[in-house]
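Using the numbering used here, the first residue of the sequence shown is number 21, and each one after it goes up by one. Even for Gly, the Cβ is constructed at its ideal location relative to N, Cα and C. This report concerns only the one structure given below.
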Amino acid sequence: VVSLITKRRKDKCCVFKPDYCGFEVPDHFIVGYALDYNEYFRDLEHICILKESGITKYKVTLDNQVK
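So this is what it looks like as structure tokens:
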């Protein structure tokens, strides 16, 4: 099994270990390079951590949903 990204989880609840891993990242919400958050950030050419302020700013609510 190959995984591009694995997260370093503090709780160690997941015992899955891929045979090959491209990158190990901290246990944060990551976006970019086809990983999106509510249809944003998917087209970034890099992977980055989305801060709490970004999660709040781009959060989908009933007020800003497309009808």
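Practice prompt. Measure the alpha-carbon distance for lysine 79 versus leucine 55 and round it to whole angstroms.
Written response: 15 Å
Item to complete: Keeping to the same chain, check which residues put their C-beta closer than 8 Å to that of isoleucine 75; ignore five residues upstream and five downstream.
Response: Excluding positions up to five away in sequence, the list reads Phe49 and Tyr57.
Fill in: Alpha carbon of lysine 87 to alpha carbon of phenylalanine 61, nearest angstrom
Legend: pLDDT at lysine 87 = 49, less than 50; position of this residue unreliable, no value from coordinates given.
Worksheet entry | First through last residue of the beta strand (DSSP E) which encompasses lysine 27 | 22–28
Item to complete: Hey, could you find the ends of the beta strand (DSSP E) glycine 42 is sitting in?
Response: In the DSSP assignment, glycine 42 falls within the beta strand (DSSP E) that extends over 40–46.
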